[in-house]
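**Student:** Sharing a structure with you now.
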Amino acid sequence: MGQVKHLGSTADGGFDLKIRASTVLEGVHLGDSIAVNGTCLTVTEFTDEDFTVGLSPETLRKTSLIELEAGSAVNLERAVQPTSRMGGHFVQGHVDGTGEIVGKDTEGDSLWVKVKVDRGLLKYVVPKGFIAVDGTSLTVVDVFDEESCFNFMLVAYTQQKVVIPFKNVGQKVNLEVDILGKYVERLLSSGFVESIKPAA
Numbered sequence: 013m014g015q016v017k018h019l020g021s022t023a024d025g026g027f028d029l030k031i032r033a034s035t036v037l038e039g040v041h042l043g044d045s046i047a048v049n050g051t052c053l054t055v056t057e058f059t060d061e062d063f064t065v066g067l068s069p070e071t072l073r074k075t076s077l078i079e080l081e082a083g084s085a086v087n088l089e090r091a092v093q094p095t096s097r098m099g100g101h102f103v104q105g106h107v108d109g110t111g112e113i114v115g116k117d118t119e120g121d122s123l124w125v126k127v128k129v130d131r132g133l134l135k136y137v138v139p140k141g142f143i144a145v146d147g148t149s150l151t152v153v154d155v156f157d158e159e160s161c162f163n164f165m166l167v168a169y170t171q172q173k174v175v176i177p178f179k180n181v182g183q184k185v186n187l188e189v190d191i192l193g194k195y196v197e198r199l200l201s202s203g204f205v206e207s208i209k210p211a212a
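Those letters in the sequence shown? Residues 13 to 212, by this note's numbering.
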């Protein structure tokens with residue numbers, strides 16, 4: 013994780029975000045991608061202890077990054093290498109929208125989290141399927157269609173490594189649904205399946 017040092021406007025009318033971090037900066041170069049709370053951003057400046065990324069108006073509209081302030085903890089992740097072991101699912105860092113934490117409950121040393129989401133995104137969320145919440149690859153436990161919500165559970169180890177446990181009910185989280193669902197929907201709606209002719 014990292015810690016926000018500054019979020020604000022720049023002289024040219026844009027926004028930038030400066031984050032204190034060390035673990036993700038090894039071997040970093042200008043132009044590299046670092047995901048901040050699941051949002052893929054481009055490094056524009058860096059030192060040995062912090063880095064700066066630019067934020068576009070679309071990023072501010074689509075994500076919860078605008079709610080950050082100095083001192084906020086953030087999830088950080090470097091781009092995956094082809095040789096890396098895939099322990100979760102493919103997370104692109106392309107945030108689809110935000111959800112609102114509507115419930116947090118403990119069970120033993122684990123934490124249940126319930127998130128309310130727009131129905132346009134909920135259709136891609138399935139029980140036991142993948143979803144990225146603030147960049148953390150997680151397994152959906154239940155989907156509550158009537159409430160437009162889903163939930164997941166964080167084990168004790170994960171709680172120590174991500175920012176979700178530090179967020180309160182009512183706060184937003186960035187959501188990225190599984191890309192496979194979006195591809196399937198696109199193919200079905202395009203008529204591609206109907207265009208496939210059976211072998212003679």
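Every residue, glycine too, gets a C-beta built ideally from N, C-alpha and C.
Could you please give me the residues that DSSP links to Thr54 through a beta bridge?
**Tutor:** Taking the sequence shown and counting its residues from 1, one reaches residue 54 at position 42. Paired residue(s): Ser45.
**Student:** For the candidate residues Arg131, Gln183, Val189, whose alpha-carbon lies nearest to that of Lys140?
**Tutor:** By 1-based counting over the sequence shown, the position of residue 140 is 128. Looking at the Cα atoms, Val189 is the closest of the given residues.
**Student:** Expressed to the nearest angstrom, what Euclidean distance is found between the alpha-carbon atoms of Thr54 and Asp62?
**Tutor:** Taking the first residue of the sequence shown as 1, we reach residue 54 at position 42. Taking the first residue of the sequence shown as 1, we reach residue 62 at position 50. Near 14 Å, if we compare the C-alpha coordinates of Asp62 and Thr54.
**Student:** How is the alpha helix (DSSP H) around Thr71 delimited, first residue to last?
**Tutor:** Translated into the one-based positions of the sequence shown, residue 71 becomes position 59. Run containing Thr71: 69 to 74, per the alpha helix (DSSP H) assignment.
**Student:** Terminal residues of the continuous alpha helix (DSSP H) containing Thr59?
**Tutor:** Taking the first residue of the sequence shown as position 1, residue 59 is located at position 47. Unbroken run through Thr59: none, as it is neither H nor E.
**Student:** Using beta-carbon positions only, say whether Val181 and Val114 come within less than 9 Å of one another.
**Tutor:** Position 169 of the sequence shown, counting from 1, holds the residue named residue 181. Position 102 of the sequence shown, counting from 1, holds the residue named residue 114. Yes. Within cutoff.
**Student:** Kindly indicate if chain D contains any beta-carbon less than 9 Å away from that of Thr170.
**Tutor:** No chain D appears in this structure, which consists of one protein chain only.
**Student:** Could you check what DSSP says for Phe102 in three-state terms: helix, strand or coil?
**Tutor:** Start at 1 with the first residue of the sequence shown, and residue 102 comes out as number 90. Coil, per DSSP.
**Student:** Report the option in Lys184, Lys194, Ser160, Asp146 whose CA atom is closest to the CA atom of Val171.
**Tutor:** Residue mapping note: residue 171 aligns to position 159 of the sequence shown, counting from 1. For clarity, residue 171 is Gln in the given sequence; the question names Val instead. Of Lys184, Lys194, Ser160, Asp146, the residue nearest in Cα terms is Asp146.
**Student:** What are the boundary residues of the beta strand (DSSP E) that Thr118 is part of?
**Tutor:** Walking along the sequence shown from the start, residue 118 turns up at place 106. Element bounds for Thr118: 109 to 119.
**Student:** Would you say Val86 and Phe58 are within 9 Å of each other, going by their C-beta atoms?
**Tutor:** For the purposes of this step, residue 86 is taken as residue 74 along the sequence shown, with counting starting at 1. For the purposes of this step, residue 58 is taken as residue 46 along the sequence shown, with counting starting at 1. Their beta carbons are not under 9 Å apart, which means Val86 does not touch Phe58 by this criterion.
**Student:** So does the segment 115 to 135 actually touch the segment 72 to 79, counting three or more Cβ pairs closer than 8 Å?
**Tutor:** Segments in contact, no.
**Student:** Could you tell me the boundaries of the beta strand (DSSP E) in which Thr148 lies?
**Tutor:** Mapped onto the sequence shown, residue 148 falls at position 136. Unbroken beta strand (DSSP E) run through Thr148: 148 to 151.
**Student:** Give me the DSSP bridge partner(s) of Met165.
**Tutor:** Residue 165 sits at position 153 when you count from the first residue of the sequence shown. Note: Met165 sits in a beta bridge opposite Trp124.
**Student:** Any chance the segment 22 to 32 sits against the segment 64 to 71, with 3 or more Cβ pairs inside 8 Å?
**Tutor:** Contact between the segment 22 to 32 and the segment 64 to 71 is present, because at least three Cβ pairs lie under 8 Å.
**Student:** What is the DSSP secondary structure of Val16, reduced to helix, strand or coil?
**Tutor:** The sequence position of residue 16 within the sequence shown is 4, counting from 1. Correct three-state label for Val16: strand.
**Student:** If you run the structure through DSSP and keep just helix, strand and coil, what is Asp190?
**Tutor:** Translated into the one-based positions of the sequence shown, residue 190 becomes position 178. Reduced to three states, the DSSP call for Asp190 is coil.
**Student:** Can you have a look at Ile31 and say buried or exposed, based on whether 16 or more other CB atoms are within 10 angstroms of its CB?
**Tutor:** Indexing the sequence shown from 1 puts residue 31 at position 19. Buried: at least 16 other Cβ atoms inside 10 Å.
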